[in-house]
Structure formats: structure tokens, C-alpha cells
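Protein chains in written order, with the numbering used here: chain A, 1 to 84; chain B, 85 to 442.
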């Protein structure tokens, strides 16, 4: 899946998972896996690759669960107008 | 580096309550600038206006006659205060004062008090009842709106705009209403509070942004700071906010300033729809109550306004403001000297004691 993640580059993301969108003033927090995914999306990595990295880095079994959760995360970002 | 100010400046609207006037924020912004070596005289309408009691904020204060007493009474009072304090500039911060000050500009200048406010015609063209007419000339989007002088006009507008819609007072306040009955109640409330007409505006579902700006009267915007409110009071006033970086907001403010050759401070209230369309819902011809955020974020618009009022040099370009700078208001109890209250109550003039160097 290819996403337009240009808007994500605007985001200020702290190591603690606090995210500030300087264009809209919106703030939100993400957990460790969300932070990992968000940074990977900012780097324009493919969603499939991010799912594989998440499984590896966080030592999680069940690639379908990861893919589903990642899809949900991307959908939330899309709702906020941060990915297209 | 800003040019120094060594002048006595009067700032109105020091009633920093839960629905604060901008005066305290403007006074703080002046004091915030290292080049400020002047005096700030706070002007209010009640002896208990909280700004009079803020430690280190003012060098003096005075009570003004209410705007309902008319322009002549206002001018006479300012003349008296000029003799007491040696006022050299007046920065009005309340909507209810702006028309009087704009009309009195040359009279005030004649007694040595300079201002930097929008022309009367500009204030009228940007006013709530006339805002929708500005859309074409300024190339901005303004929600459809109509003025209503009697409640029987509401039914037609409910049909035309649909529900919900927004009912606004002539000077202050807005309510989103979801039924014709609520619209009627809001009409009566605003008509009783601020008089008629009442403004009825199509509802726009979007995120609100506010831009504080300063025009120099030639059509050039000297500076602007955009902010999104993060927390509201039950009256809908911003209790916390954060500066944002959105070029569309700056373009919008520039369009308003350019179209009206705006002179002085203004606040543009904007709604941004999900699809990105931006609507100007209100233009206030003064600084907002949150204006200290502009100074705190690196763009001291009140100080530049004071420089312009005094005819002093201003920087060619103001520095960009820091995006992500927040303000968070706080309610706290100031310990006050009874003498402050006594002076303001008895004579309407507060003369601060100068501290003697040790």
C-alpha cells in the first residue's frame, strides 16, 4: 500500500510519544508501537514493511493482528487529514 | 532590536475576569519588551477591575465613564487624566470604545495623546452586521448572514440557513442554536443585552483558529500570530491555546488588512472545514485577550502598535513567531492593598507610590 505521508513530515514528535501538528494545533499521544509506526510512516516506509518491522522489533507473533492494528492506526491518521 | 519607548501609555480594558478584556495582556506585552522604559496607565470601568491590582503591571490607573455616557464624557475624562499622568499614547482594547476613539483621534492628538486605531469606516465595514459584504472585496469567505431587528424575521432565516445556526449579539457573544425556539430565546437575550440588530449566521462545522495581526494603514500587515484554542471556558473564551503555522491563515489575514488598508490591531476569527475551506466568522478591530501569547512567542505586536502610535521607528520585518508556544490562563487570588481600592473608589485615580531605591 502506498500512502501520501507528506503531511506527517510537519509533525513534531517527542521521544515520549507526544505529537504536535503545527498546522492545526492538534495534539495527541501514541504508545511505543504507535511511535514506531508513526516515525516509519514519516520516513515514507511501506505499510507492509512497517508491519514486518513491528513484529520483529516488538517480538510479537501474529502478523494478521499487526496488519489489522496498523491499518486502524493509518485510518486514524487519515481521519485527521495526516495521510492520504 | 526594537526602538526604545520612554513614554506614558494608557491602556484600557484592565478587567481581566473569566471573560477577560485585552488590557492586561497588552500592558504585559509592553512590559515584556526589554526596550520599554515608559509608564503604563491602566484604564478601567470598575474600581475592582483585577488589572489594577496586578503587581508590577501598572504605573497608575483610573476609572473611565461607561461608554454609554458618550464620547464627550470619555474625552473630558481623558483630558483630566492627561493632566494627571501626562499621557502620550492611548491603546484602546474594547470594542465598545473603538468608535469613540476613532472619532476622537484628532482631538486626542491635539492634546498630545496619540493612538493607532482603525478608521471608523474600516470598523464599520468589518463589523458583524456588515462582514458578509466584505467577502468579495477582500477575497475571503464569510458565512451567509443576515441582521434581524425583530423576532418575526427568524423563521425565514431558519428555513434559509437550516439548523443549527449561529445567533450573535451586536457587539459580543454567539450562540449555536438547534431549534427555532432556541433561536428566538437567543435573539431576545442578545437584543436585551446589546440591542438590535442581532446577527443570524449560517453554521459552519470546522476547527476555529484566531489570528492576531497589526496593519500599518497602507495595506501592509506588519505582523500576525495564529493560534488554536486548546481549552475553552463555559463562555467559550480561550483558556489555553497554542501558536500554529498555517500559511492559509496568514494569507487570509493579509487579505483583510490589504482590502481595508487596516490601521492598527485586529483579530480575525476563522473556521477551517474538514476539506480545507476557511471561513472568516468575525473580525475584531482590536487585540484579543490572548495577545500576550504573541509577545511570548517572539512577535510583540502591542509594542509595535505603541511604536506606530508614537511615530517611532519600527523594525522593517518582525521576527517569525515560535510555533508551538502555548498559553495557559490561571485564576489566582492577588493580595491587594486596601489603599488601591480606596483611591480608585474615592477619586477614580490610582497613583502608584514610587519605590525609593535603598
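Quick reminder that beta carbons are idealized off the backbone N, C-alpha and C, glycines included.
In terms of Cβ geometry, residue 387/B and residue 169/B do not form a close pair [threshold 8 Å].
Contact annotation: residue 282/B and residue 275/B have beta-carbon atoms nearer than 8 Å.
Within the same chain, 326 come within 6 Å of residue 410/B by CB-CB distance, once the 5 residues on both sides are set aside.
For residue 408/B, the chain A residues whose C-beta falls within less than 7 Å of its own C-beta are 12, 20 and 22, listed in chain order. Distance from the CA of residue 8/A to the CA of residue 314/B, rounded to the nearest whole angstrom, comes to 21 Å. For residue 25/A, a Cβ of chain B is located within less than 8 Å of the residue's own Cβ. Distance between residue 356/B and residue 117/B, taken at the CA atoms: about 33 Å.
Residue 39/A and residue 65/A have their C-alpha atoms some 20 Å from each other. When the beta-carbon positions are compared, residue 365/B and residue 340/B stay at least 8 Å from each other.
Setting aside the 5 residues that flank it on each side, residue 238/B is surrounded in the same chain by 232, 264, 267, 268, 271 and 284, each with a C-beta closer than 8 Å to its C-beta; the list follows chain order.
In summary, residue 391/B is buried, with 16 or more beta-carbon neighbours lying within 10 Å of its beta-carbon over all protein chains present. Counting along the chain, residue 309/B sits inside the beta strand (DSSP E) bounded by residues 305-316. Short of 6 Å from the beta carbon of residue 20/A, and not among the five residues preceding or following it, lie these beta carbons of its own chain, in chain order: 12 and 27. Around the beta carbon of residue 431/B, fewer than 16 other beta carbons sit within 10 angstroms, so the residue counts as exposed. The C-beta of residue 291/B comes closer than 8 Å to at least one C-beta of chain A. Taking a C-beta distance under 8 Å as the contact criterion, residue 145/B and residue 122/B do not qualify as a contact pair. Neighbours of residue 243/B in chain A, taken as residues whose beta carbon is under 7 Å from its own, are absent, since the nearest beta carbon is some 33 Å off. One Cα belongs to residue 378/B, the other to residue 213/B, and the distance between them is close to 28 Å.
Restricted to the segment 16-70 of chain A, the beta strand (DSSP E) segments that are unbroken, complete and at least 3 residues in length are 18-20 and 27-29, listed in chain order. Look at residue 374/B here: in three-state DSSP terms it is coil, with no helix or strand label. At a cut-off of 8 Å between C-beta atoms, residue 329/B counts as an interface residue with respect to chain A. Spatial neighbours of residue 380/B in its own chain (CB-CB distance under 8 Å, excluding positions within 5 residues in sequence) are listed in chain order as 116, 409 and 411. Within chain A, the C-beta atoms nearer than 9 Å to that of residue 312/B come from 24, 25 and 26, in chain order.
With contacts defined as CB atoms closer than 8 Å, residue 106/B and residue 370/B qualify as a contacting pair.
Counting every other CB atom within 10 Å of its CB across the protein chains shown gives residue 335/B a total below 16, marking it as exposed.
Here residue 363/B carries a strand assignment [DSSP, helix/strand/coil].
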